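> When the letters of the sequence shown are read in order and numbered with the working numbering, they come out as residues 1 to 145.
Each residue gets a CB set at the ideal place from its N, CA and C atoms; glycine is no exception.
Computed from a predicted structure; not experimentally measured.
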Amino acid sequence: MSDTIALFAEEMRQMSEQFPNAQIQPNCYAWMKVREIHYESRTALTIAVPVTEEMLNPMRVMQGGFIAAAFDNAFGPLSYVAARNPCVTLDMHTQYIRPIPVGDTLTVAVRVVSRGPVSLHMTGEAHNAKGKLIATASTNMIVMR
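(1) Look up Asp91 in the DSSP assignment and say whether it is helix, strand or coil.
(2) Let me make sure I understand the geometry here. Which of Ala68, Glu54 and Pro117 has the alpha-carbon closest to that of Val108?
(3) How about the stretch 41-50 and the stretch 96-116: do they share at least three Cβ pairs that are nearer than 8 Å?
(4) Would you mind sorting Ile134 into buried or exposed? The rule is 16 or more other CB atoms within 10 Å of its CB.
(5) Could you give the DSSP three-state label for Arg115: helix, strand or coil?
(6) Contact between the stretch 25-38 and the stretch 80-92: three or more CB pairs below 8 Å?
(7) Let me check understanding here. Comparing Cα to Cα, which of Thr43, Pro58 and Leu90 lies closest to Thr4?
(8) Need the endpoints of the alpha helix (DSSP H) that Glu11 sits in, please.
(9) What separation, rounded to the nearest whole angstrom, lies between the Cα atoms of Gly65 and Asp91?
(10) In whole angstroms, give me the CA-to-CA distance for Thr136 and Pro117.
(11) Going along the chain, which unbroken runs of the alpha helix (DSSP H) with 4 or more residues stay wholly within the stretch 17-79?
(12) For Val113, I'd like the list of residues in its chain whose CB is within less than 7 Å of its CB, leaving aside the five on either flank, ordered along the chain.
(13) Which word fits Ile100, buried or exposed, when buried means at least 16 other C-beta atoms lie within 10 angstroms of its C-beta?
(14) Straight-line CA distance for Phe71 to Val61?
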């Protein structure tokens with residue numbers, strides 16, 4: 001485990017202790033087999049999600065909703081550690097560029113663009129294993145107090 005990922009794990013552990021009734025990493029995070037790749041404290045997170053058969057649409061490529069869920073699985077944890085409080089999504093906009101097939105890996109990199117006392121604005125990009133842009137997204141989150 002890299003030092004940046006160890007820091008992320010520690011900050012998530014602290015969140016779990018601070019908010020014991022919250023499931024800090026939800027079941028969908030584990031179901032999508034999310035793997036953290038890189039973390040910049042309270043500012044950026046990169047994850048990898050394998051594209052599996054269960055995620056395919058009728059055209060046999062990753063369904064757009066799962067691409068959006070991958071973004072949400074990066075935005076969510078980053079928002080918690082960035083705000084040091086639970087957050088909820090106010091809106092999320094996803095723009096799809098090209099398909100990604102089964103067997104490939106979707107790498108999602110998200111970043112905090114603006115942080116206020118009650119909200120966060122974040123953006124992200126998703127790429128395939130060859131580095132081709134698959135989708136972009138932006139979100140606004142409300143910090144729960």
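Reading it off the structure:
(1) strand
(2) Ala68
(3) Cβ pair count under 8 Å is three or more, so yes.
(4) buried
(5) strand
(6) no
(7) Thr43
(8) Asp3 to Gln18
(9) Between the alpha carbons of Gly65 and Asp91 lies a distance of about 14 Å.
(10) 25 Å
(11) Taking only runs of at least 4 residues, the alpha helix (DSSP H) segments lying wholly in the stretch 17-79 are 27-31.
(12) His121, Met122 and Thr123
(13) buried
(14) 17 Å
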